[in-house]
Amino acid sequence: MTVMDNQGRVLKTLQEPPSKESLAAKAAEEERQREKAKADAEQARKDRILLDSYTTEAEIDLARNRASHALEQQMEIARSYIASLAKRQAELQKRKAELGAKGLPPAEEQDLDRLQAEMEAQNASLVQKKQDLDRVVARYAADQRRWQEISEKQRLARPSAASAAPAK
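Residue numbering for the sequence shown is 38 to 205, as defined by the working numbering.
1) Might you give, ordered along the chain, the residues of its own chain that have their beta carbon closer than 6 Å to the beta carbon of D42, omitting 5 neighbours on each side?
2) Indicate the three-state DSSP secondary structure (helix, strand or coil) for L51 in the structure shown.
3) Comparing alpha-carbon positions, which option in G140, R183 and R71 lies nearest K83?
4) Whole angstroms is fine: what's the gap from K166's alpha carbon to K190's?
5) What is the residue span of the beta strand (DSSP E) that T92 lies within?
6) With R101 and V174 assumed to form a contact (beta carbons below 8 Å), what rounded beta-carbon distance in angstroms separates them?
7) Are L152 and L108 touching if we call contact CB-CB under 7 Å?
8) Work out the CA separation of T92 and S105 for me, nearest whole Å.
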């Protein structure tokens, strides 16, 4: 819409008031831009931490190996403990079979139940440690991929920055 004076000269042009839909679309776009900026800032923060933590890919491999080795040792200890529990359980079950109808004394019967419960708990712990190990390996693999991406970007940026600088 245009505002004119008495002689027909344009004094100012007024825009139509924005519709609710266009206002909502603009607000949604601004929100999307804010979210993207926030995500970009968070990624930059994570990248800085990654680059501050590791100077080479070999360091990432070493850290992964240390973390996974500790979990593997814990898993081996749990397996050994489960094996000893199973051995004790087998001994008690053999004794129970030998005694026949008389059965085990109550204390040994409780021990048999306790052994079964402990074996189940240890097996659950073993499954959890395996999941932890898988997460550790995946996290370090992701860190290594991201480190490679960042390093490649930096490598590609260096020659162009050097060629842009004037020679002395």
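All C-beta atoms in this analysis are idealised placements derived from N, C-alpha and C, irrespective of residue type, glycine included. Every value quoted in this text rests on a predicted model; they were computed, and no experiment measured them.
Short version:
1) Excluding residues up to 5 positions away in sequence, L48 lie with their Cβ nearer than 6 Å to the Cβ of D42 in the same chain.
2) Coil.
3) The option with the nearest alpha carbon to K83 is R183.
4) Their backbone Cα atoms lie some 36 Å apart in a straight line.
5) DSSP places T92 in no beta strand (DSSP E); its state is neither H nor E.
6) Right, the Cβ-Cβ distance comes to about 7 Å (below 8 Å), so this counts as a contact.
7) No, these two residues do not count as a Cβ contact at 7 Å.
8) The alpha-carbon atoms of S105 and T92 are separated by roughly 20 Å.
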